[in-house]
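Participant:
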Amino acid sequence: MIAVRNKKIILRFQNLKAIICTDAVLLVDPPFHNHSGSKSEISTFWNELPSLITGSSLYTSNLPLEYRVLEAVFAYNISSLTATLSQLE
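Counting in the working numbering, the sequence shown runs from 70 upward without gaps.
#1: Quick one: Cα of residue 113 to Cα of residue 136, how far?
#2: Taking all protein chains shown into account, do 16 or more other C-beta atoms lie within 10 angstroms of the C-beta of residue 138, making it buried, or fewer, making it exposed?
#3: At which residues does the alpha helix (DSSP H) containing residue 142 begin and terminate?
#4: Would you mind working out which of 155, 145 and 117 sits nearest residue 85, comparing C-alpha positions?
#5: With a cut-off of 8 Å on the beta carbons, I'd call residue 88 and residue 97 a contact; round off their distance for me.
#6: What does the Cβ neighbour count give for residue 94, buried or exposed, with the cut at 16 atoms within 10 Å?
#7: Quick one: grab the DSSP three-state call for residue 118.
#8: Just checking my contact of residue 141 with residue 122 at CB under 8 Å: how many whole Å lie between their CB atoms?
Rendered as structure tokens:
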């Protein structure tokens, strides 16, 4: 689900919830460790996010922060769903 309220973008996916502002990103209830105690994929994504949104590899590199974060979150979500699909096959 994607919602926009008070100049903030609210994202709710199966394993990732985030609030994107014009100058900040907030992960809501981030599961930084899974049940076995090792770092989760979201923790890795969160650590890589600054380099993702400042790098020039994104199609939205010349757009505002909100769009760069949206692209990075969508790319993460698609890769996560692709990995889940390959496990099921």
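From the three backbone atoms N, C-alpha and C, an ideal C-beta is built for every residue, glycine too.
Facilitator: The structure says:
#1: Computed Cα separation, rounded: 20 Å.
#2: Residue 138 sits buried, since 16 or more C-beta atoms from the chains shown fall within 10 Å of its C-beta.
#3: Where residue 142 is concerned, the enclosing alpha helix (DSSP H) stretches over 134-157.
#4: Selected option, being the one with the closest Cα: 145.
#5: 6 Å between Cβ atoms; contact.
#6: Buried.
#7: The answer is helix: DSSP assigns residue 118 an H, G or I state.
#8: That pair is a contact at about 6 Å.
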